[in-house]
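Residue numbers for the sequence shown follow the numbering used here, beginning at 21 and rising by one. Note that beta-carbon positions come from the ideal geometry of N, C-alpha and C, so glycine has one too. The structure displayed is predicted, hence computed values, not measured ones.
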Amino acid sequence: MKIVKKLFILVLLGFCSSAIFAKTISLLSCQKTENTNTIINVINNVETGVMDVLFNSGHIVTSEKPIIEKNSKDIYDKILNTYKFETSVQYLIYIEYTFDDDQEAFSYNNLININWTLVRVSDKNIVAKKTKKITNKLKDINENKETCQNLGKQVALEINNVIMNDINREG
Numbered sequence: 021m022k023i024v025k026k027l028f029i030l031v032l033l034g035f036c037s038s039a040i041f042a043k044t045i046s047l048l049s050c051q052k053t054e055n056t057n058t059i060i061n062v063i064n065n066v067e068t069g070v071m072d073v074l075f076n077s078g079h080i081v082t083s084e085k086p087i088i089e090k091n092s093k094d095i096y097d098k099i100l101n102t103y104k105f106e107t108s109v110q111y112l113i114y115i116e117y118t119f120d121d122d123q124e125a126f127s128y129n130n131l132i133n134i135n136w137t138l139v140r141v142s143d144k145n146i147v148a149k150k151t152k153k154i155t156n157k158l159k160d161i162n163e164n165k166e167t168c169q170n171l172g173k174q175v176a177l178e179i180n181n182v183i184m185n186d187i188n189r190e191g
């Protein structure tokens, strides 16, 4: 039996007020589903891609994993209320995936969609929303890690472009 699961990752991005400092970004990953090492490994590959792109574009990047109540009805509001952020923008990334009961390892082929939303913290306005459908499936399972890293970099480039456009608009 296939089980469709959903994973939330909240990516927080904080920016320094002075132009002479690099932008500081904290990636905060929150998931509502049960943890398994294989799921964490795939998500870490996506997160690594996000961190690489942001780091290579001159940001200072850190990563944390907070504990969120398992049965939270509105995880987004729960996270906003639990952590008082002094950041200018934050991302909520929502990953949908399937997993067979008899499946031994979670892989790229389990991913269905990656949905992300950029929210400006100062006024709580949504700046951008996007869904990336995962349609191409791997024939060779040995390509799993590299493909997940490339997916992370693609998503990170999209996120980085929106951040830069929003910062330039606020200018």
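Limits of the unbroken beta strand (DSSP E) element including residue i
| i | result |
| --- | --- |
| E129 | Glu is not the amino acid found at residue 129; the sequence shown has Asn there. No beta strand (DSSP E) contains N129, which DSSP labels as neither H nor E. |
| N145 | N145 to K153 |
Counted within 10 angstroms of its Cβ, other Cβ atoms place residue i as buried (16 or more) or exposed
| i | result |
| --- | --- |
| M184 | exposed |
| I146 | exposed |
| R189 | exposed |
| C50 | Since pLDDT at C50 reaches only 44, below the 50 mark, its modelled position is unreliable, and the value read off the structure follows with that caveat. C50 is buried by the Cβ-count criterion. |
Residue closest to residue i, alpha-carbon to alpha-carbon, out of the options
| i | options | result |
| --- | --- | --- |
| V73 | V175, D186 and R189 | V175 |
| N135 | G172, T167, K157 and D186 | G172 |
| K157 | C168, T151 and D120 | C168 |
| I115 | N181, K150 and F75 | K150 |
| V139 | D186, F75 and N76 | D186 |
Span separating the alpha-carbon of residue i from that of residue j
| i | j | result |
| --- | --- | --- |
| I179 | I154 | 17 Å |
| G69 | L177 | 9 Å |
| L152 | T137 | Looking at the sequence shown, residue 152 is not Leu but Lys. The alpha-carbon atoms of K152 and T137 are separated by roughly 12 Å. |
| A148 | N170 | 22 Å |
| F119 | I132 | 11 Å |
| E124 | M71 | 28 Å |
| N76 | N181 | 13 Å |
| K144 | Y117 | 28 Å |
| K159 | D122 | 19 Å |
Say whether the stretch 127-146 touches the stretch 163-175, bearing in mind that this needs 3 or more beta-carbon pairs closer than 8 Å, one atom from each stretch.
-> yes
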